[in-house]
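Undergrad:
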Amino acid sequence: MSVAREEVLRIAALARLRLEDDALERMTVDLNSILEHVSVLETLDEASVATEGEPEPEPVASTRAGEGTDEGEPKLDPATFAPAWQDGFFVVPPPPGVVRAEGDGS
Amino acid sequence: MTVATALDRIREAEDGPEGLNAFISLAERPEPSGDGRTGPLDGVPVAVKDNIATLGLPTTCGSRLLEGYRSPFEATAVRKLRDAGALIVGKTNLDEFAMGSSTENSAYGPTLNPHDRTRVTGGSSGGSAAAVAAGYVPMALGSETGGSVRQPAAFCGVVGLKPTYGRVSRYGLVAFASSMDQIGAFGHTVADAARLLDVIQGHDPLDGTSVDAEPARLADAVERGVEGLVIGVPSEYLSDALAPGVRGLVDEALDRLAGKGAELREISLPHTRFAISTYYVIAPAEASSNLSRFDGVRYGRRHEGVDIAAMYEETRTRGFGREVQRRIMLGTFALSAGYYDQYYGRAQRARARIRGDFETVFADGVDALFTPTTPTTAFPIGERVDDPVEMYLSDVYTVTANLAGIPGLSVPIGALDGLPVGGQILAPWWKEETAVRVGGALEASGPWSRS
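One line per chain: the protein sequences are W and P, in this order.
When you line the first sequence up against our numbering, it's residues 1 to 106, in that order.
When you line the second sequence up against our numbering, it's residues 1 to 451, in that order.
#1: List the whole-angstrom C-beta distance separating Q182/P from Y165/P, where the pair is believed to meet the contact cut-off of C-beta under 8 Å.
#2: List the residues of chain P that F89/W touches, going by C-beta distances under 8 Å, in chain order.
#3: Going along the chain, which residues of the stretch 263-280 of chain P sit with their C-beta nearer than 8 Å to a C-beta in chain W?
#4: Taking 8 Å as the cut-off, does the stretch 298-316 of chain P touch the stretch 330-340 of chain P (at least 3 CB pairs, one atom from each stretch)?
#5: So with Cβ pairs under 7 Å, would you call R64/W a contact of chain P?
#6: Between P94/W and chain P, is any beta-carbon pair separated by less than 7 Å?
#7: Check each residue of the stretch 14-47 of chain W: if its Cβ is closer than 7 Å to any Cβ of chain P, include it; give the result in chain order.
#8: Mind pulling the alpha helix (DSSP H) runs of 4 or more residues that sit fully within the stretch 269-308 of chain P?
#9: Is Y237/P near the ligand NAP, going by C-beta to nearest heavy atom under 6 Å?
#10: With 16 other CB atoms within 10 Å as the buried threshold, where does S125/P fall?
#11: Please confirm whether P388/P has its beta-carbon closer than 7 Å to some beta-carbon of chain W.
#12: Measure the CB-CB distance between V226/P and A262/P and report whether it falls below 7 Å.
#13: Roughly how many whole angstroms lie between the Cα atoms of R327/P and A287/P?
#14: Whole angstroms are fine: how far does the CA of R273/P sit from the CA of D30/W?
#15: What are the boundary residues of the alpha helix (DSSP H) that includes G259/P?
#16: Helix, strand or coil for P59/W, going by three-state DSSP, please let me know.
#17: Have a look at F379/P and A275/P and give me their C-alpha separation to the nearest angstrom.
#18: Measuring CB to CB, does S179/P end up less than 7 Å from D207/P?
#19: Are the CB atoms of L419/P and H115/P within a distance shorter than 7 Å?
#20: Starting from Q424/P, follow its DSSP beta bridges and name the residues at the other end.
#21: Let me confirm a value: A86/P is counted as buried when at least 16 other C-beta atoms fall within 10 Å, else exposed. Which label applies?
#22: Give the single residue among G300/P, G160/P, G422/P, N51/P whose Cα lies nearest to the Cα of G248/P.
#23: Three-state secondary structure (DSSP) at N93/P?
#24: Is A79/W close to chain P, meaning its C-beta is less than 7 Å from at least one C-beta of that chain?
#25: Just checking my contact of P454/P with A427/P at CB under 8 Å: how many whole Å lie between their CB atoms?
#26: With a threshold of 16 other CB atoms inside 10 Å of the CB of T457/P, please say whether the residue is buried or exposed.
#27: Restricting to Cα atoms, I'd like to know which of P58/P, R437/P, G172/P, V149/P is closest to T76/P.
#28: On the three-state DSSP scale, how would you describe G147/P?
#29: Taking Cβ-Cβ distances below 7 Å as the criterion, which residues of the stretch 314-331 of chain P are in contact with chain W?
#30: Going by CA-CA distance only, name the one from G440/P, R224/P, S268/P that's closest to Y237/P.
#31: Under DSSP, the alpha helix (DSSP H) around F81/W begins and ends at which residues?
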């Protein structure tokens, strides 16, 4: 199958990326060339030697029960690596459509 | 040679006209964290791939988005290295977020192959491979998701070992595709890579996928020989894509193994032809989820927008390079409504069958498999950057081990026109020792053998 520019734009919005002009054109070409290669997966069922009782991917052995906390605690204050940090919070711009009030300290 | 001298020599070489761009950052004066007791890597300078969190040095993942980022914690593998007495000399260059097969996708420029500076090192751990090949360090940490240790090891003429999934803690390894990511070891020799893995392995409660397995004693296995081992040769890995010269060196290596008492057996892994497609659906799908955390809120460089949605988009569009954006797009597509079953669902079924192929041959009495690591030698810089599929095909022999979770080792088996060629040994889950035995036998019997 192939994807059109409009579909690529929809995916970009989901991925929170902006694609314009050349970048959109290039991405559309690249995705279509990769998807063409990946289309070999469509022949998986005919090619399979084991269609019945097919093994599902095994869940990864989990050892979460004993998960520790001591060494997982940050050793640096988030202020040292966050783009914006104030009074114990990450500071971000307002949600779409919301205008920040005058005098709002954030 | 003191570590200060080693660092001076690295700086001098890297700043000079023959610099390889192997490092993104270098330590000022590395200190071990041990308690003063003698450790197995006492005083050994070790380089660390820059997607592994290290205290005291930036962790950029080769990305503009994380330029200058300092992790507040340290990866378990790095802590174990320091506890063993190793000195972390610097952080090595890589394809951005480990996505690539040539180290050309780094925001800090490509690393050059020490054997031919017009050619790629392979990737994504190209900086670590080059640092070992150039003699800057005897060993280095890399990471693998689809061959990112073994492939650059082959291109740079060093040893690369990817352990069984779960053998080494992923705590502090910046996630790319969590069901396959694994820290691996580079060494000048099989023994060096084995020593490094012996130190960094082990169960870690800070990584939910770490397994409480019997520890491997790999350094002890290097000289154990291959007498009586059954070594399978998968016909699918000796396809038309293989450069004729590489095929000749693979045949020579097999002859040497047979001469050392191994029994060679032709075998088949029938689902191999689905491997690249499977990998390039599953890995981007996981990456699109893992990289959603890079949104300008908690860490990294933020690019402002009029509202939070615009800020996310601006930060990610300007922060991520072309290949990372391509994989996020591919993964988002494969997981999106309407396409999930067609791509991700099928790829998961193919992955189970690829794993099943290995289960079948190992259950049939095969102790290890021998294959080429890559179809060709290192290719010229720039040759494949505009052709993603061609670039992805350089991982054709390595991705299967990551999809199945088995260990793999690449060792030098010769050279073509001055460029190294690697041979790959694949072993059953938790049997790194068998891979190391085969690698040690090849090393000892090669025309360049030091033994």
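Where a beta carbon is used, it is the ideal one built from N, C-alpha and C, also for glycine.
Note that this is a predicted model, so its numbers are computed, not measured.
TA: On the basis of the supplied data:
#1: Translated into positions along the second sequence, residue 182/P becomes position 182. Translated into positions along the second sequence, residue 165/P becomes position 165. That pair is a contact at about 6 Å.
#2: Taking the first residue of the first sequence as 1, we reach residue 89/W at position 89. Going along chain P, no residue has its Cβ under 8 Å from F89/W, so there is no contact; the nearest lies around 11 Å.
#3: P270, H271, R273, F274, I276, S277, T278, Y280
#4: no
#5: Here residue 64/W is taken as the residue at index 64 of the first sequence, counted from 1. Any reading at R64/W must be qualified, since the residue scores a pLDDT of 48, below 50, and its modelled position is unreliable; the value itself is stated next. So yes, R64/W belongs to the interface.
#6: Here residue 94/W refers to the residue found at position 94 when the first sequence is read from its first residue. Judged by the 7 Å Cβ criterion, P94/W is in contact with chain P.
#7: L14, A15, R16, L17, R18, M27, D30, L31, S33, I34, H37, V38, V40, L41, L44
#8: 275-290
#9: With respect to the ligand NAP, the structure shown offers nothing to examine, as it has no ligands at all.
#10: By 1-based counting over the second sequence, the position of residue 125/P is 125. Buried.
#11: Mapped onto the second sequence, residue 388/P falls at position 388. With 7 Å as the cut-off, P388/P counts as an interface residue toward chain W.
#12: The residue you call residue 226/P lines up with position 226 of the second sequence. The residue you call residue 262/P lines up with position 262 of the second sequence. A contact, by the Cβ cut-off of 7 Å.
#13: Counting from one through the second sequence, the residue named residue 327/P turns up at place 327. Counting from one through the second sequence, the residue named residue 287/P turns up at place 287. Distance between the alpha carbons of R327/P and A287/P: 7 Å.
#14: Reading the first sequence from its first residue, position 30 is the one you call residue 30/W. Reading the second sequence from its first residue, position 273 is the one you call residue 273/P. Roughly 21 Å separates the two Cα atoms.
#15: Position 259 of the second sequence, counted from the first residue, corresponds to residue 259/P. Looking at the DSSP string, the run of the alpha helix (DSSP H) that includes G259/P is 244-259.
#16: Your numbering for residue 59/W matches position 59 in the first sequence. Note on P59/W: pLDDT 48, under 50, position unreliable in the model; the coordinate value appears next. Of the three classes helix, strand and coil, the one that applies to P59/W here is coil, per DSSP.
#17: Your numbering for residue 379/P matches position 379 in the second sequence. Your numbering for residue 275/P matches position 275 in the second sequence. F379/P and A275/P: Cα-Cα distance of roughly 22 Å.
#18: For this step, residue 179/P is matched to residue 179 along the second sequence. For this step, residue 207/P is matched to residue 207 along the second sequence. Cβ atoms of S179/P and D207/P: not closer than 7 Å.
#19: Taking the second sequence and counting its residues from 1, one reaches residue 115/P at position 115. Taking the second sequence and counting its residues from 1, one reaches residue 419/P at position 419. Yes. Within cutoff.
#20: To locate residue 424/P, count along the second sequence from 1; it is residue 424. Bridge partners of Q424/P: T371/P, S410/P.
#21: As a position in the second sequence, residue 86/P is number 86, starting the count at 1. Buried.
#22: For this step, residue 248/P is matched to residue 248 along the second sequence. Ranking G300/P, G160/P, G422/P, N51/P by Cα distance to G248/P puts G422/P first.
#23: As a working mapping, residue 93/P is identified with position 93 in the second sequence. Correct three-state label for N93/P: coil.
#24: On the first sequence, position 79 is the one that residue 79/W refers to. Chain P contact via Cβ: absent.
#25: Past the edges of chain P, shown from 1 to 451, lies residue 454/P, and the structure says nothing about it.
#26: In this structure chain P extends from 1 to 451, so residue 457/P is not present and cannot be described.
#27: Position 76 of the second sequence, counted from the first residue, corresponds to residue 76/P. Checking every option, the nearest Cα to that of T76/P belongs to G172/P.
#28: Position 147 of the second sequence, counted from the start, is the residue given in the question as residue 147/P. Coil at G147/P, not helix or strand.
#29: R316, T317, Q325, R326, I328, M329, L330
#30: Here residue 237/P refers to the residue found at position 237 of the second sequence. Looking at the Cα atoms, S268/P is the closest of the given residues.
#31: For the purposes of this step, residue 81/W is taken as the residue at position 81 of the first sequence. Looking at the DSSP string, F81/W is not in any alpha helix (DSSP H), and its letter there is neither H nor E.
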